[in-house]
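J.:
There are 2 protein chains.
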Amino acid sequence: MTMNIKDVSTRTGLPAKTIRYYEDIGLIRPDRQANGYRDFSDTDCHKLAFLSRARTLGFSIEDCRTLLGLYEDEARASADVRQIAAHHLDQIDKRLTELLELRDTLQRLVSSCAGDNRPDCPILNDLANVRTSTKRSSAGS
Amino acid sequence: MTMNIKDVSTRTGLPAKTIRYYEDIGLIRPDRQANGYRDFSDTDCHKLAFLSRARTLGFSIEDCRTLLGLYEDEARASADVRQIAAHHLDQIDKRLTELLELRDTLQRLVSSCAGDNRPDCPILNDLANVRTSTKRSSAGS
DNA sequence: CATAAGGGTTCCACTAGATGGAAGGTCAAG
DNA sequence: CTTGACCTTCCATCTAGTGGAACCCTTATG
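Chains A and B are the protein sequences, given in the same order.
Per the working numbering, the very first residue in the first sequence carries number -10; after that it's consecutive.
Per the working numbering, the very first residue in the second sequence carries number -10; after that it's consecutive.
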């Protein structure tokens, strides 16, 4: 009962290309059949599902590699896992803060622009650092 | 009064490498001195500041290129600028929604993990799709 | 048996937006 | 003359895949 790459792709939802890529970078090591085709075990499939979920949660490939290692290590400490996840969460919080600020600025700019066929545009003025009525950070002369 | 790349870098806050890169992809076209050094005009410097700000606002390089074109086009319609910014804003909103959901999930996982020296870990269980007390999406049976 | 469809394989190129570094030219000061 | 701080180009690297070409394998059908 061999499992070819397409079967695994269907089961895990990962594109075949991605599965090959994951083998390439050493995340999985499927067997080979006599004809050269990859032969995936249930364990391989399980690992790929694990990776898929971890990637969906935004973990980097290197984090995924570590997490997979911890997953397979019966003697792991949950602290190690938690530390990785907590750090990732921190990064996401940072990114969120940045994006929220970005959104505010963009919202202000977009709503201050008439969006008609005249050339005058507060968005371009902001980009060119030409101060218009729409104020940005305090910078008096 | 020539302006070398370092001067422009200092003025705009952009690394020299980035400035060269921007020339490479055709965002600016500084003159050259006899010795081959780039010779930046005030206009070049201004454009780079514009690009720097636009990149800070998260616009893609291609958007930046278009925005710069519009900026220099006296006959532009502000609608064109607004459309680009509004679309960018939409993308950011989408990203924000994703990140917020991601954060919730991660927060739940991290806080459900003891983070001690024992191997049992709800985070790994989630990744391996092993259902523990911490519930994720409804998937009965 | 030939062949065509639908698998599989490898390998190389490309994406975005820079950044690091090597190898070498230029310039001003001491 | 040499030192150090500039400048130049070019190539490689990063993330996480994705697209495509060229080619091999398997199975069903005429």
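The beta-carbon is built from N, C-alpha and C at its ideal position, and this holds for glycine as well.
Note that the structure is predicted; figures quoted are calculated from it, not measured.
Taking CB distances under 7 Å as the criterion, tell me whether residue 8 of chain B reaches chain A.
T.: no
J.: Distance, Cα to Cα, residue 3 of chain B vs residue 51 of chain A?
T.: Taking the Cα positions, residue 3 of chain B is about 30 Å away from residue 51 of chain A.
J.: For the region 60 to 78 of chain A, which residues have a CB atom closer than 7 Å to at least one CB atom of chain B, in sequence order?
T.: Listed in sequence order: 60, 63, 64, 65, 66, 67, 68, 70, 71, 74, 75, 77, 78.
J.: Got a sec: which bits of the region 83 to 101 of chain B sit with their beta carbon under 8 Å from any beta carbon on chain A, in order along the chain?
T.: 84, 85, 88, 89, 91, 92, 94, 95, 96, 98, 99
J.: Quick check on the DSSP output: what are the complete alpha helix (DSSP H) runs of length 4 or more inside the region 66 to 112 of chain B, in order along the chain?
T.: 67 to 101
J.: Determine which residues of the region 40 to 59 of chain A have a Cβ less than 7 Å from any Cβ of chain B, and write them out in chain order.
T.: 42, 43, 46, 47, 56, 59
J.: Around the Cβ of residue 107 of chain A, are there at least 16 other Cβ atoms within 10 angstroms (buried) or fewer (exposed)?
T.: exposed
J.: In the DSSP output, which residue or residues are listed as bridge partners for residue 28 of chain B?
T.: B/20
J.: Identify, in the order they occur along the chain, each residue of the same chain with its Cβ nearer than 6 Å to the Cβ of residue 123 of chain A, setting aside the five sequence neighbours on each side.
T.: Because residue 123 of chain A carries a pLDDT of 46, less than 50, the predicted location of this residue cannot be relied on, and the following value inherits that uncertainty. Only 101, 111 meet the Cβ criterion.
J.: Excluding the 5 residues flanking residue 8 of chain B on each side, which residues of the same chain have their C-beta closer than 7 Å to its C-beta?
T.: -6, -3, -2, 37
J.: Is residue 61 of chain A helix, strand or coil by DSSP?
T.: helix
J.: Apart from the five residues just before and just after residue 54 of chain B, which ones in its own chain have a Cβ nearer than 7 Å to its Cβ?
T.: 16
J.: Check each residue of the region 107 to 119 of chain B: if its Cβ is closer than 9 Å to any Cβ of chain A, include it; give the result in chain order.
T.: 107, 108, 109, 110, 111, 112, 113, 115, 116, 117, 118
J.: Does chain A have any CB closer than 7 Å to the CB of residue 124 of chain B?
T.: With a pLDDT of 45 at residue 124 of chain B, under the threshold of 50, the modelled position of this residue cannot be trusted, and the question is left open.
J.: When burial is assigned at 16 or more other CB atoms within 10 Å of the CB, is residue -9 of chain A buried or exposed?
T.: exposed
J.: Whose C-alpha, out of A/0, A/20, A/77, is nearest the C-alpha of residue 41 of chain A?
T.: A/0
J.: Strictly below 7 Å CB to CB, what residues from chain B border residue 2 of chain A?
T.: Neighbours of residue 2 of chain A on chain B: none; closest Cβ ~12 Å, over 7 Å.
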